[in-house]
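Peer 1:
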Amino acid sequence: MRAAVITHHGGLDAIELREVELPRPGPDDVLVRVAAAGCNNTDLWTREGSYAASAEDPDARGGWLGPLDFPRVQGADVTGTVVAVGSGTAPDLVGARVLVDPALYADPGPDAAVVDVLGSERDGGFAEHVVVPAACAHRVDDSPLSDVELAALPIAYGTALGMLERGGVGEGHTVLVTGASGGVGLAAVQLGRARGARVVAVCSGSKAQAVRAAGADVVVDRGRGEVLADAAAAAPEGYDAAVDVVAGPFLAEGLDLLRRGGRWVVAGSLDGWAVGLDVRRLYLADLSLVGSTMHTRRVFAALVDIARRGLVRPVVAETFALEDLALAQAHLAERGHVGKIVVVP
Ligand SMILES: NC(=O)c1ccc[n+]([C@@H]2O[C@H](COP(=O)([O-])OP(=O)(O)OC[C@H]3O[C@@H](n4cnc5c(N)ncnc54)[C@H](OP(=O)(O)O)[C@@H]3O)[C@@H](O)[C@H]2O)c1
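Under our numbering, the letters of the sequence shown match residues 3 to 347, in that order.
Put into structure tokens, the structure is as follows:
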């Protein structure tokens, strides 16, 4: 089969299209013919190996959980059709249209931590076929979403749903979303709105219309340089929660935008990870600062239900052929897009 592999940590030249052996499913696995595979920022950090860099060792290279084996097929977000099953797996899965949970978990519990991700610790979906555990292949035969739309869901919408859950966001709440034109942010806008929350979204002015169309009640143009004041004016009673992938100085200042008891949920640090925080603001207002990574089994099950019922329609910015994966990653890094970039092998 054809697969786009990374041969080492590095730039776009680390990506090679190769003819490789068709992977064989183990007893508890299924072989999926990939219909579409979404791109994520983690593909860029993993290819570059920049997760391992630290203040002490800025040149260190590695994946988010440690050293990687090469060649590696990236691609965590997979939808496709099961074409073969392992000896211990129900044969009636053959022919099923599936959405793949990219995570393996520390234990069988619904809220267990993620310990391994498809396309990072094992080969993923930027290929014609991929082997995944049968337990990760969720049937979506009747979903009204297209294959490309389904492939936009796992990491971005799973992360956003996990953040909304951890932020306790529900009907009638007001939620602030940063990085709202990106994969996770736009997902948070759509999913927050679907939960009946009022959504105030921060993005570049050029992307405001698309973010409003996705369901934001108010858009704050960060290009004006008045994000704090504009976000405060958009919610005079304060925010019940913030869904933040930007962090940086805004996180420390933005805590004052929360109502008493509000939750600031952070899953990314596009504007900087070293944040100077006056902790008195946190404890004197009974606020919570909550870290959130990806999803849990429970959250992914809720996402599959949303996909089956078509409760949100993921926003897809562009699609690329497998041989154009380097171009897809270059577009992702430019951040000129709104929504998700998806590869169609
Ligand atoms: N913890 C997890 O499990 C997890 C999962 C997925 C993603 N993430 C992280 O979350 C972040 C966002 O991911 P994504 O896939 O949504 O990214 P994305 O699709 O690239 O979108 C991010 C958007 O944020 C805005 N932005 C970029 N730099 C900014 C800055 N310095 N200040 C303010 N806004 C900025 C840009 O939109 P505008 O120009 O319109 O503002 C950009 O399009 C990344 O850091 C990613 O690694 C974490």
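All C-beta atoms in this analysis are idealised placements derived from N, C-alpha and C, irrespective of residue type, glycine included. This one's a predicted model, so the numbers in the text were calculated from it and none came from an experiment.
Nearest to Val314 by alpha carbon, out of Thr81, Thr180, Pro112, Ser148?
Peer 2: Ser148
Peer 1: Counting C-beta neighbours from all protein chains within 10 Å, is the total for Thr161 16 or more, i.e. buried, or is it exposed?
Peer 2: It is buried - the Cβ of Thr161 has at least 16 other Cβ atoms within 10 Å.
Peer 1: Could you tell me which of Tyr107, Gln331, Gly187, Ala57 sits nearest to Lys209, measuring between CA atoms?
Peer 2: Nearest option by C-alpha distance: Gly187.
Peer 1: Which class does Tyr241 belong to by DSSP, given the choice of helix, strand or coil?
Peer 2: strand
Peer 1: By a C-beta neighbour count over all protein chains shown, 10 Å radius and 16 as the cutoff for buried, is Gly77 buried or exposed?
Peer 2: buried
Peer 1: Ends of the alpha helix (DSSP H) at Pro251?
Peer 2: 251-256
Peer 1: Going by DSSP, what residues sit across from Leu19 in a beta bridge?
Peer 2: DSSP output for Leu19 lists Ala6 as bridge partner(s).
Peer 1: Grouping DSSP H, G and I as helix and E and B as strand, with all else coil, what is Phe302?
Peer 2: helix
Peer 1: Give a yes or no on contact between the stretch 7-20 and the stretch 28-40, applying the rule of three or more CB pairs nearer than 8 Å.
Peer 2: no
Peer 1: Any heavy atom of ligand 1 within a distance shorter than 7 Å of the CB on Ala236?
Peer 2: no
Peer 1: By alpha-carbon positions, which one of Ala38, Asp280, Val102, Val32 ends up nearest to Gly90?
Peer 2: Val32
Peer 1: For Gln331, which residues from the same chain have a beta carbon less than 8 Å from its beta carbon, with the 5 sequence-adjacent residues on both sides left out?
Peer 2: So the qualifying residues of the chain are Leu14, Ile17, Cys41, Asp45, Leu46, Arg49.
Peer 1: Just checking my contact of Gly51 with Gly64 at CB under 8 Å: how many whole Å lie between their CB atoms?
Peer 2: 6 Å
Peer 1: Return the bridge partner residues of Gly83 from the DSSP annotation.
Peer 2: Correcting the residue type first, residue 83 is Thr in the shown sequence and not Gly. Answer is Arg35, Arg99.
Peer 1: Can you grab the Cα-Cα spacing for the pair Gly127 / Arg200, in whole Å?
Peer 2: Each residue's alpha carbon lies about 35 Å from the other.
Peer 1: Anyone know if the C-beta pair for Val281 and Ala38 falls short of 8 Å?
Peer 2: Contact check for Val281 against Ala38 fails: the beta carbons are separated by 8 Å or more.
Peer 1: Per DSSP, what kind of secondary structure is Leu24 in: helix, strand or coil?
Peer 2: coil
Peer 1: Can you tell me which of the three DSSP states Leu178 falls into?
Peer 2: strand
Peer 1: Can you find the residues in the same chain that come closer than 6 Å, C-beta to C-beta, to Ala115, ignoring five residues on each side of it along the sequence?
Peer 2: Ala108
Peer 1: Does Arg262 come within less than 8 Å of chain C when only Cβ atoms are used?
Peer 2: The question asks about chain C, but that chain is absent: this structure has only one protein chain.
Peer 1: Take Gly185 and list the residues in its own chain whose beta-carbon comes closer than 6 Å to its own, dropping the five residues that flank it on each side.
Peer 2: Once the five neighbours on either side are set aside, the close Cβ partners of Gly185 are Ala158, Lys342.
Peer 1: Measuring CA to CA, which of His339, Ala254, Pro316 is closest to Gly278?
Peer 2: Comparing Cα-Cα distances from Gly278 to each of His339, Ala254, Pro316, the minimum goes to Ala254.
Peer 1: Is the distance from the Cβ of Leu24 to the Cβ of His175 below 8 Å?
Peer 2: no
Peer 1: Thinking C-beta only, is Val102 closer than 8 Å to Val318?
Peer 2: Going by C-beta atoms, Val318 is not nearer than 8 Å to Val102.
Peer 1: With a 10 Å radius around its C-beta and 16 neighbouring C-beta atoms as the bar for buried, classify His140 as buried or exposed.
Peer 2: buried
Peer 1: Quick check on this structure: which residue in Leu324, Ala335, Val340, His339 has the alpha carbon closest to the alpha carbon of Arg4?
Peer 2: Leu324
Peer 1: Please write down, chain order preserved, every residue whose beta carbon lies under 5 Å from a heavy atom of ligand 1.
Peer 2: Asn43, Thr161, Gly181, Ser183, Gly184, Gly185, Val186, Cys205, Ser206, Lys209, Val247, Val248, Ala269, Gly270, Leu272, Asp273, Thr295, Met296, Arg337
Peer 1: Looking at the unbroken alpha helix (DSSP H) that takes in Pro156, where does it start and where does it end?
Peer 2: Residues 156-168.
Peer 1: Let me check understanding here. Comparing Cα to Cα, which of Asp71, Ala57, Gly338 lies closest to Ser206?
Peer 2: Gly338
Peer 1: In the DSSP assignment, find the alpha helix (DSSP H) that holds Thr44 and state where it starts and stops.
Peer 2: 43-50
Peer 1: Of all the alpha helix (DSSP H) runs that stay within the bounds of the stretch 115-156, which reach a length of 4 or more residues?
Peer 2: 149-153
Peer 1: Looking at the strands, I want to know which residues DSSP matches up with Gly12.
Peer 2: Paired residue(s): none; Gly12 is not in a bridge.
Peer 1: Alpha carbon to alpha carbon, how far is Gly227 from Leu272?
Peer 2: Looking at the backbone, the Cα of Gly227 and that of Leu272 are separated by about 16 Å.
Peer 1: For Arg262, count neighbouring C-beta atoms within 10 Å of its own C-beta (all shown protein chains included) and say buried if the count is 16 or more, exposed if not.
Peer 2: exposed
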